[in-house]
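Protein chains in written order, with the numbering used here: chain A, 229 to 621; chain B, 41 to 300; chain C, 54 to 266.
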Ligand SMILES: Nc1ncnc2c1ncn2[C@@H]1O[C@H](COP(=O)(O)OP(=O)(O)O)[C@@H](O)[C@H]1O
Ligand SMILES: [Mg+2]
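Here it is in structure tokens:
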């Protein structure tokens, strides 16, 4: 557990600066400007705590005070009950993984040598460090063949994976991550986020994660701390609570417009009665399709998995993949209300496709059938009956 | 002058033995160069590394660069006139010259090391500190290896400077290949001057090519972009077919220096 | 000081000669380096071979070059043309890389915009790439100017008249004052060159001040 107690950081004071002095860029800014203001916060063990807020609100400063890259002006920070100020700074940092925006890989070392860095600093012998590094490289989803490349030979997303592997190499209980995924394109970012969640479900680290992207915060955080400029904590809550009940205008504006809809992500789909959907197989003939008597017909694959809607009038000879409509999403019975509603809204027939955990079709549901479930949930929430964080992840 | 005359000079056995012979003059020239660079490196590496690492006393670099505006011939004569008489041994000619050569070698070496460290990706430095490296470890494991390309191009500039100035130092009675040029001038022996010049030019060329080769093999392929398929964005930094960038290592500091 | 005042006209004459020997090559060198640098910035194999060749020329020590040039050019050893040619070679060696770097440093989006507006080939070079590369080229010129002023003084060893004369003469006569005068005059001349280049560069790039203001 990482605990901030009344932590304030003011830049520009005579005694400001990092513990080892003179990091480049330090010393700019207004004299005496407050970057973090009397912050009290707990990042629980084994969970992801996300710090989110607009640019310049003190997220990076907050994070870097934990490993003493920045020295707090006042207040204490403790990790598992130990005051960080009393610890040896190298020891403190080697016990925490640190991942930054542009990965900060060492350009003169190969990927595997980069990943081996901290274990080597800790005195682990070379062979052991190497085998551990190779294991991690695969674990973060990289081809082991990449291990002998240099960072310049990797894409941004791959570099970021190496950055994560490097931070994990000494198996630190705590990870500090400063916008690790914000320098990559949205598609890669989503992959990295998903794998990050998978990894965390296996590893259970205590993670402090900084981002300026509220969607990322809501997606990744077990709890989210919203900071406002000046380094003041505006709200600390679970993602569901944050979306459902922003504490003030600033937080409401920051979490964004369609927060009502996005909040449905955190509501597990209730048991709803689904409608049986008549289906055709791929390569079904035009007559078979039209025999169902509906303008849109759902096609399924050999294992009974929904593959897409087909317009009955469009089938001349048989149902082929290129005749399928691509727009519809498939909700899972174990998914959220949001996924259910989205499946209904995105379906050309208006009937949302629902599949089970194995991907086999269970049935369909219309938006009109989902809405009552949403209504029911809303009244339950306002009555305070729904436990916070009924997350579906 | 015909190539035959030059050929005749080079093939004359007299040129190949004795204190005046090519082997001895070449050895002298190499010795001055090596001693100077060694002293220069001993001064420039720690100083450049310290300034680059801590970011303090940056004016030292600017100052050293401003030194480059002092004409080397003037420096040579001035130092010889002042230091020479203070030395009573047969080193009276050597020491002032070495002092001058060191003064000329230090600025390019210093700004090379400094600019190299300065150019290290701040994210890499930040990551190094964040993972618990001590200041010394950050310097030796990250900053210095990454500074190698620019440091080496500083070394190349310094080597050329030293070889050239050691040549003109023959006019203050230093040995080395410059003797052929200066003595030839005094005795109006133009053949000797030309042949000496060829030797000097060849020495400079070979030294530079050797250092280019060192640069090629000592720098991590991750930085030099040498290994196949390294992103092009990197290669522009050290440069393909990389020649001494004579303005060299100074580019990221103040380019011309005298204005200060 | 009195010595300098007594010899003021001689100092000025030699300073003028020095300025000519160091300055003309700057102009010639720039004129040659612009097309070379432009070629080098466009084609990577040309870049490699041009920079390698000019770099090799740069390695030749000045005194050796002053002595070798007469037999190559067919001039007399005391002919100032040798110095002009030698200094031009060094200037070209320095500036080709600078020009190439300067031209490639132009923001790709600016260049794309220029292409989209219909600028092509030489017109784009003159209207967009070159003006934007001026600060980089000026920085290279400043380095070349300072180095030229220093190297020209070496030519006094082979008897070519310029400020370096005070260095050799002062040393030969064991008269330190004269050597100091020579050094200071060289430094002042280098300073003048530096200022002139800065002023011209600023005049050519009014937008850099607009941004800074
Ligand atoms: N080294 C520094 N010196 C002076 N001011 C700083 C320094 N680092 C950050 N600041 C200021 O502190 C505030 C918070 O910065 P930071 O923690 O980097 O914000 P964020 O990461 O949320 O964008 C900003 O106003 C910034 O200008
Ligand atoms: Mg930040």
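Backbone N, C-alpha and C fix where the C-beta goes; we use that ideal spot for every residue, glycine too.
- As summarised for the segment 480 to 548 of chain A, the continuous beta strand (DSSP E) elements at least 3 residues long and confined to that stretch are 507 to 509, 524 to 528 and 534 to 539, given in chain order.
- Taking a cut-off of 8 Å on C-beta distances, the segment 129 to 142 of chain B does not touch the segment 221 to 232 of chain B, as fewer than three cross pairs fall below it.
- As summarised for the segment 130 to 166 of chain B, there are no continuous beta strand (DSSP E) elements at least 3 residues long confined to that stretch.
- When DSSP states are grouped into helix, strand and coil, residue 237 of chain A belongs to the strand group.
- In summary, residue 499 of chain A is exposed, with fewer than 16 beta-carbon neighbours lying within 10 Å of its beta-carbon over all protein chains present.
- In the three-state DSSP reduction, residue 232 of chain B falls in the helix class (H, G or I).
- Secondary structure note for residue 122 of chain B: its alpha helix (DSSP H) is the uninterrupted segment 112 to 123.
- Assignment of beta-bridge partners to residue 326 of chain A by DSSP yields A:404.
- Distance from residue 264 of chain A to residue 459 of chain A at the Cβ level is roughly 4 Å; contact confirmed, criterion being Cβ atoms closer than 8 Å.
- Residue pairing of residue 149 of chain C in beta bridges, as defined by DSSP: absent, with no partner found.
- In this structure, A:424 is the residue among A:400, A:237, A:462 and A:424 with its C-alpha nearest to the C-alpha of residue 367 of chain A.
- For the segment 203 to 230 of chain B, the beta-carbon criterion of a distance under 7 Å to any beta-carbon of chain A is satisfied by none of its residues.
- Where residue 451 of chain A is concerned, the enclosing beta strand (DSSP E) starts and stops at 451 to 456.
- Per the C-alpha coordinates, the member of B:100, B:65 and B:237 positioned closest to residue 147 of chain B is B:100.
- By the Cβ-count criterion, residue 67 of chain B is exposed, with fewer than 16 other Cβ atoms from all chains shown falling within 10 Å of its own Cβ.
- Rounded to whole angstroms, the gap between the alpha carbons of residue 421 of chain A and residue 161 of chain C is 32 Å.
- Between the segment 200 to 219 of chain B and the segment 108 to 119 of chain C there are three or more inter-stretch CB-CB distances shorter than 8 Å, so the stretches are counted as touching.
- Chain-ordered listing is empty here: chain B has no CB closer than 8 Å to the CB of residue 290 of chain A, the nearest sitting near 14 Å.
- The C-beta distance from residue 214 of chain B to residue 137 of chain B rounds to 4 Å, short enough to fall under 8 Å.
- With a threshold of 8 Å between beta carbons, residue 326 of chain A makes contact with chain B.
- Considering only beta carbons, the part of the segment 307 to 340 of chain A lying closer than 9 Å to chain B consists of 317, 318, 319, 320, 321, 322, 323, 324, 325, 326, 327, 328, 329, 330, 331, 332, 333, 334, 335, 336, 337 and 338, in chain order.
- Taking 7 Å as the cut-off, the C-beta of residue 407 of chain A counts as close to a heavy atom of ligand 2.
- Looking only at C:211, C:181, C:218 and C:207, the smallest Cα-Cα distance to residue 63 of chain C is reached by C:218.
- Here DSSP, grouped into helix, strand and coil, assigns residue 295 of chain A to coil.
- Distance from the CA of residue 159 of chain B to the CA of residue 331 of chain A, rounded to the nearest whole angstrom, comes to 17 Å.
- Inclusion of residue 77 of chain B and residue 145 of chain B in the CB contact set at 8 Å is warranted, their separation being smaller than that value.
- Restricted to the segment 267 to 323 of chain A, the alpha helix (DSSP H) segments that are unbroken, complete and at least 4 residues in length are 287 to 294 and 317 to 322, listed in chain order.
- In the DSSP assignment, residue 230 of chain A forms a beta bridge with A:271 and A:307.
- Going by DSSP, residue 128 of chain B is part of no alpha helix (DSSP H) at all; its letter is neither H nor E.
- Using beta-carbon distances, residue 140 of chain B does not count as an interface residue toward chain A, since no partner is under 8 Å.
- Distance from the Cα of residue 563 of chain A is smallest, within the candidate group A:586, A:521, A:493 and A:549, for A:493.
- The segment 244 to 253 of chain B makes no contact with the segment 169 to 181 of chain B: fewer than 3 CB pairs, one atom from each, lie closer than 8 Å.
- Between residue 113 of chain B and residue 206 of chain C, the C-beta spacing is below 8 Å.
- Assigned with DSSP and collapsed to three states, residue 113 of chain C falls in coil, not helix or strand.
- Counting along the chain, the unbroken beta strand (DSSP E) around residue 560 of chain A starts and ends at 558 to 560.
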